Amino acid sequence: MNQDLLHLIGLFATKPQSEVLQHLSKKDSNEITKMLFSLLVLYFNDSNSSTLREATIVRLCGFNLDTNKLGYNGYRQSSIAEQDWCEAKPVNIKTQSLAKNPRKLDGNANISDFTHKRLAKLESDNPTIIVGGFIDGRLFYIFSFKFKHQPLIQDLKTQLLKQLPDGDKPSIYLRSANIKFSKYLSAPDLDLQLFVNKSTLEEHQRFVSKTVYSKLLSRFDSLRS
Numbered sequence: 564m565n566q567d568l569l570h571l572i573g574l575f576a577t578k579p580q581s582e583v584l585q586h587l588s589k590k591d592s593n594e595i596t597k598m599l600f601s602l603l604v605l606y607f608n609d610s611n612s613s614t615l616r617e618a619t620i621v622r623l624c625g626f627n628l629d630t631n632k633l634g635y636n637g638y639r640q641s642s643i644a645e646q647d648w649c650e651a652k653p654v655n656i657k658t659q660s661l662a663k664n665p666r667k668l669d670g671n672a673n674i675s676d677f678t679h680k681r682l683a684k685l686e687s688d689n690p691t692i693i694v695g696g697f698i699d700g701r702l703f704y705i706f707s708f709k710f711k712h713q714p715l716i717q718d719l720k721t722q723l724l725k726q727l728p729d730g731d732k733p734s735i736y737l738r739s740a741n742i743k744f745s746k747y748l749s750a751p752d753l754d755l756q757l758f759v760n761k762s763t764l765e766e767h768q769r770f771v772s773k774t775v776y777s778k779l780l781s782r783f784d785s786l787r788s
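Using this note's numbering, you'd call the opening residue of the sequence shown number 564 and step up by one each time.
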């Protein structure tokens, strides 16, 4: 980590705001740029926090970021009386991962601590699900679709029934329900946004599953035709 940034973090945590601002006022623009860049790289790749990644894909899909709105990540006004909600699912792949079988961007996402009650709420609210694919903190794509797509719902119900066959029980959850790419790929309202060019995608092919890579490439072909 940038040493100036480390020092600034220590000041922020232990000193009055006036002292932190005074310290920053003595830095030139190049030093501040380096600290900010270092902070962004660190935070976008933080395995314990997806806040910046969530904020990025929520905004790019036209929603207002609000983590206090009924548990969803964002909202937008669809009419005077109604709001649309969104659930952000960013996935970040690290190219320098030391894992024996490092994960690839496969279009899948997860819902933590899932229950029948939570599924019913999602069906009722029908939020937009936003799946973002990042590599080393850089956004490659966004898939977005409305939750109420029967192949996805049926698959989630199947997962739930394995863990909770008789309905919800206190303190028992499906710890990680899988939103599978194969189950939302056929959604009629599926939207794909790309944020890298074809050459960058090709350079990172080994970090993307075959099915997702094929889908992304097909978008470049459609844009060219």
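Glycine included, each C-beta is placed from N, C-alpha and C at the ideal position.
Remember, predicted model here, so these are calculated numbers, not experimental data.
Next on the checklist: So, with DSSP's three-state summary, where would you put Leu719?
Outcome noted: helix
Item to check | Backbone CA spacing between Ser675 and Arg701 [nearest angstrom] | outcome: 24 Å
Checklist entry - In the DSSP assignment, what residue or residues form a beta bridge with Gln646? => result Gln640
Next on the checklist: Considering only DSSP beta bridges, list what Val771 is partnered with.
Outcome noted: Paired residue(s): Leu668.
Item to check | Residue interval of the alpha helix (DSSP H) (run including Gln580) | outcome: Gln580 to Ser588
Checklist entry - From Ser601, Phe600 and His570, pick the residue whose C-alpha is nearest to that of Leu587; which is it? => result Ranking Ser601, Phe600 and His570 by Cα distance to Leu587 puts His570 first.
Checklist entry - Can His712 be considered in contact with the ligand GDP, in the sense that its beta carbon sits closer than 7 Å to one or more heavy atoms? => result Here there are no bound small molecules, and the ligand GDP is not part of this structure.
Next on the checklist: Looking at the strands, I want to know which residues DSSP matches up with Asp754.
Outcome noted: Residue pairing for Asp754: DSSP places it in a beta bridge opposite Ser707.
Item to check | Rounded straight-line distance, which links the Cα of Gln768 to that of Tyr776 | outcome: 7 Å
Next on the checklist: Rounding to the nearest angstrom, what Cα-Cα distance links Ala750 and Ala576 in this structure?
Outcome noted: 46 Å
Next on the checklist: Considering just the uninterrupted stretch of the alpha helix (DSSP H) at Ser601, what are its terminal residues?
Outcome noted: Ser592 to Phe607
Next on the checklist: Per DSSP, what are the beta-bridge partners of Ala618 in this structure?
Outcome noted: Answer is none; Ala618 lacks a bridge partner.
Item to check | Endpoints, the beta strand (DSSP E) within which Ser739 is located | outcome: Leu737 to Ile742
Checklist entry - Leu661: buried (16+ other C-beta within 10 angstroms of its C-beta) or exposed? => result exposed
Next on the checklist: Just to confirm my understanding: we take Leu719, look at its own chain, exclude 5 residues before and 5 after, and list those with CB closer than 7 Å. What are they?
Outcome noted: Leu682 and Ala740
Item to check | Cβ neighbour criterion (16 or more within 10 Å) applied to Ile698 | outcome: buried
Next on the checklist: Please classify Pro665 as buried or exposed, where buried requires at least 16 neighbouring CB atoms within 10 angstroms.
Outcome noted: exposed
Item to check | Segment contact, 8 Å Cβ cut-off, at least three pairs: the stretch 648 to 660 with the stretch 605 to 622 | outcome: yes
Item to check | N- and C-terminal bounds of the alpha helix (DSSP H) containing Thr691 | outcome: Taken as a continuous stretch (DSSP letters only), Thr691 belongs to no alpha helix (DSSP H), being part of the beta strand (DSSP E) at Thr691 to Ile698.
Item to check | Selected residue, minimal CA-CA separation from Ser613, among Gly696, Ser592 and Ile572 | outcome: Gly696
Checklist entry - Do you know how far the Cα of Glu645 is from the Cα of Val759? => result 34 Å
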